[in-house]
Each structure stands twice: as C-alpha cells, then as structure tokens.
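*Asks:*
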Amino acid sequence: MSEPKVDPRALTVAEAARLLTAAGGQRIEVEQLDADIAAGAPSNGDGTLNLAHYAAWLVREMSSRED
0 MSEPKVDPRA LTVAEAARLL TAAGGQRIEV EQLDADIAAG APSNGDGTLN
50 LAHYAAWLVR EMSSRED
C-alpha cells in the first residue's frame, strides 16, 4: 500500500513542520508554524498551509526586518 500523496498547496501544520525539517536541516516545530500563522502567515480556510504562499510570506517578513 502506498503512502498518501502530500499536496504542497494544502499541508497540515504538522506535515509542513515535518517537510521543512527534512528539507532544511533544522528542526521546525508545529508551535513555530502556529506562531507564524498567529503573526499573519497565510493559511487556507481549512487551516492548512500552501507551502509556496508560506515561503513567500517568510521572504517578505525577512526583507522587511532588514529595512
């Protein structure tokens, strides 16, 4: 039986944390993503994350801190 496909347009917060941890080499906790969402990171109406939208938000946040 194959594992369910992961849709980068609709990741649960836990899926996003696991994926970002695996890809980035730094542990990302669910609480970190929850804090980002509370701070204005975009999320879908059902509470999932679109990875591209989240990444764009992170870049925007990082660039605004450098100004």
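According to numbering that gives the first Met the number 0, the stretch in the sequence shown is residues 0 to 66, in order. For glycine and all other residues, C-beta sits at the position ideal for the given N, C-alpha and C. These numbers were taken from a predicted model, which means no experiment stands behind them.
1) Suppose the cutoff is 8 Å on Cβ atoms and the five residues either side in sequence are ignored; what does the same chain contact list for E30 look like?
2) In angstroms with no decimal places, state the Cα-to-Cα distance between S70 and G44.
3) Count the other C-beta atoms from every protein chain shown that fall within 10 angstroms of the C-beta of S1, then say buried if there are 16 or more, exposed otherwise.
4) Work out the CA separation of R26 and A54 for me, nearest whole Å.
5) Under the rule that 16 or more other beta-carbon atoms within 10 Å means buried, what is D35, buried or exposed?
*Replies:* On the basis of the data shown:
1) Position 31 of the sequence shown, counting from 1, holds the residue named residue 30. Hits under 8 Å: none found.
2) Past the boundaries of the shown model lies residue 70; the chain is included only from 0 to 66, so the question cannot be answered.
3) As a position in the sequence shown, residue 1 is number 2, starting the count at 1. Flag for S1 reads exposed.
4) Translated into positions along the sequence shown, residue 54 becomes position 55. Translated into positions along the sequence shown, residue 26 becomes position 27. For A54 and R26, the distance between alpha carbons rounds to 16 Å.
5) Mapped onto the sequence shown, residue 35 falls at position 36. Buried.
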